[in-house]
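> Below you'll find the structure I mean.
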Amino acid sequence: GGNIFRGLSGSAQGMERTTADYMGMLATVMNALGMQSALEQLGIHTRVISAIPMDQVCEPYIRRRAVRHLEKKRVCIFAAGTGNPYFTTDTAATLRASEMGCEGVFKGTKVDGVYDKDPKKFPDAKRYQTVSYDEALEKNLGVMDATAIALARDNKLPIIVFSLDEPGGFRTILGGRGTYTRVQG
């Protein structure tokens, strides 16, 4: 939802943090609906599942129902974060991946992995091929927020960080190829 509204930036401009966070959650629902439409045009059965109930638009998050959709080979798009302010969408993604028994969390971003410093500002930045959860936390590498990384660590859930700017990049990464960083044990 950050491309529509980012809760933290709203609160920095004087808006109450909880209001800003709820606006961000609603923006993720809008993005999820757009993604659902695109996938269904390709013939992929998809469900949008929201942490904030809005029955006219999408399904409410009920873990057992989401698991059933996955068993039926439907794509589940989780929206509205955790449904609670003060938690990031990274934490929500890690939480849902843990609940669904996923093999990992794939984080598409503007850079092709995790670096020792910001590669947009420092041309000599070094990309990690792999990095431990603890090192990512200790060095504050900006992979995800600390809550999301700790949750992934506690559930032994690897995080794959890759660039969304590469055409076909997600498919390549799913095939185990391409440029990315793996955050793990």
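All you need for this note's numbering is the position in the sequence shown, starting with 1, plus 252. Every residue gets a Cβ at the ideal spot worked out from N, C-alpha and C, and that includes glycine.
What is the DSSP secondary structure of Glu-292, counted as helix, strand or coil?
The sequence position of residue 292 within the sequence shown is 40, counting from 1. Note: Glu-292 maps to helix in three-state DSSP.
> My understanding is that Thr-433 touches Asp-397, with C-beta atoms under 8 Å, so please give their C-beta distance in whole angstroms.
Mapped onto the sequence shown, residue 433 falls at position 181. Mapped onto the sequence shown, residue 397 falls at position 145. Thr-433 to Asp-397, Cβ: 16 Å. No contact.
> So the candidates are Glu-351, Tyr-380, Gln-293 and Lys-359; which of them puts its Cα closest to the Cα of Asp-368?
Numbered from 1 along the sequence shown, position 116 holds the residue referred to as residue 368. Taking only the C-alpha atoms, the option nearest Asp-368 is Tyr-380.
> Mind checking whether the beta-carbon of Lys-408 lies closer than 8 Å to any heavy atom of the ligand NAD?
The ligand content of the structure shown is nil, which means the ligand NAD is not present either.
> Can you tell me where the alpha helix (DSSP H) holding Thr-382 begins and where it ends?
Within the sequence shown, residue 382 is the residue found at index 130, counting from 1. Careful: Thr-382 lies outside any alpha helix (DSSP H), inside the beta strand (DSSP E) at 382–384.
> Suppose contacts are defined by Cβ-Cβ distances below 9 Å. Is Leu-347 in contact with Leu-403 by that definition?
Residue numbering aside, residue 347 sits at position 95 when the sequence shown is read from its first letter. Residue numbering aside, residue 403 sits at position 151 when the sequence shown is read from its first letter. In contact: Leu-347 and Leu-403 (Cβ atoms closer than 9 Å).
> I need the DSSP call for Arg-387, collapsed to helix, strand or coil.
The sequence position of residue 387 within the sequence shown is 135, counting from 1. Rather than Arg, the amino acid found at residue 387 in this sequence is Glu. If DSSP states are grouped into helix, strand and coil, Glu-387 belongs with the helices.
> For the structure I just gave you, are there three or more beta carbon pairs, one from the stretch 348–368 and one from the stretch 424–433, closer than 8 Å?
Yes: the two stretches touch, three or more of their Cβ pairs being nearer than 8 Å.
> Quick check: what's the CA-CA separation for Tyr-385 versus Thr-343?
The sequence position of residue 385 within the sequence shown is 133, counting from 1. The sequence position of residue 343 within the sequence shown is 91, counting from 1. So the alpha carbons of these two residues sit roughly 14 Å apart.
> Give the straight-line distance between the Cα atoms of Val-327 and Ile-296, rounded to the nearest whole angstrom.
Mapped onto the sequence shown, residue 327 falls at position 75. Mapped onto the sequence shown, residue 296 falls at position 44. Rounded to whole angstroms, Val-327 to Ile-296 spans 7 Å at the Cα level.
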